[in-house]
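In our numbering, each residue's number is its place in the sequence shown (first place is 1) plus 2.
All C-beta atoms, glycine included, are put in the ideal place defined by N, C-alpha and C.
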Amino acid sequence: MNILISLRRHWILTLSAVAALALLLLLAVGMTRDPRELPSMLIGKPWPDMALPQLGSTAAGGGAIGPAQLRGKPRLVNLWASWCSVCADEQPVIMALGDTLRAQGRGDQLIGLNYKDSAKDATAWLQQQGNPFAMTLVDADGRMGIELGVYGAPETYLIDAKGVIVWKHVGELTPEVIASEVLPRLGAHS
């Protein structure tokens, strides 16, 4: 009987130790990941097949832009809103990126995606904060946001020349992220 109790304790201690090591391993792996770099089911998938109007366009249909018009070169699409305080914090970084790209003749690679906003508020915000974008697409009802699986503004997507999403960043872009992730993927230099 003592042997059975001793054997049972041995197995309980062994299993507890293995479970604790597995938990520590998962914790260690989780601590090395950047929470803004969320895995996305969209990576490797085409930009959603949805045409969106351009902010301020007076053309019929709002000068709608679909995925075909975004192909041909890599593009960075920055989702923002006038009601988003983090977007205001991020704006100087986006402005600097726009300046860098325009200086290299690549200004058309930076696209804005205004999210769940009114045209009046979005236009006023860009006039006040500055407009780094070659164009700003309007997702007033949030349908494109649903297609993209948006967590909240700001979010940034990089699509390649074929219109495939190759990178997604949730939250505020920093100069470090621009230098290490964005500019190399756009084929630009700082």
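Residue i, buried or exposed, once every other Cβ within 10 Å from all chains shown has been counted against 16
i	result
M43	exposed
D123	exposed
E157	buried
S8	exposed
D141	buried
C13	It is Trp, not Cys, that sits at residue 13 in the sequence shown. Result: exposed.
L128	buried
Counterpart residues of residue i in DSSP-defined beta bridges
i	result
L139	Q56 and L115
I67	L54
Under the three-state DSSP convention, the category residue i falls into
i	result
W127	helix
P48	strand
S8	helix
T176	coil
G132	coil
G195	Nothing in the structure corresponds to residue 195, since the chain is present only between 3 and 192.
K122	helix
S42	coil
N- and C-terminal bounds of the beta strand (DSSP E) containing residue i
i	result
R187	Looking at the DSSP string, R187 is not in any beta strand (DSSP E); the run it does join, the alpha helix (DSSP H), is L185 to L188.
R241	Coverage of the chain is limited to positions 3 through 192, which leaves residue 241 absent and any answer about it impossible.
L160	E157 to I161
V168	I167 to V172
Start-to-end residues for the alpha helix (DSSP H) that takes in residue i
i	result
S1	In the structure as shown, the chain begins at 3 and stops at 192. Residue 1 is therefore absent and cannot be evaluated.
M146	R145 to L150
inquiry  = For the segment 167 to 180 against the segment 84 to 94, do three or more pairs of beta-carbon atoms, one drawn from each stretch, fall closer than 8 angstroms, so that the two count as touching?
reply    = Yes, the segment 167 to 180 touches the segment 84 to 94.
inquiry  = With three or more C-beta pairs closer than 8 angstroms as the rule, is the segment 147 to 163 touching the segment 115 to 125?
reply    = Contact between the segment 115 to 125 and the segment 147 to 163 is present, with at least three C-beta pairs closer than 8 angstroms.
query = Are at least three pairs of beta-carbons, each pair with one atom in the segment 131 to 143 and one in the segment 153 to 162, less than 8 angstroms apart?
reply = By the criterion of at least three beta-carbon pairs nearer than 8 angstroms, the segment 131 to 143 is not in contact with the segment 153 to 162.
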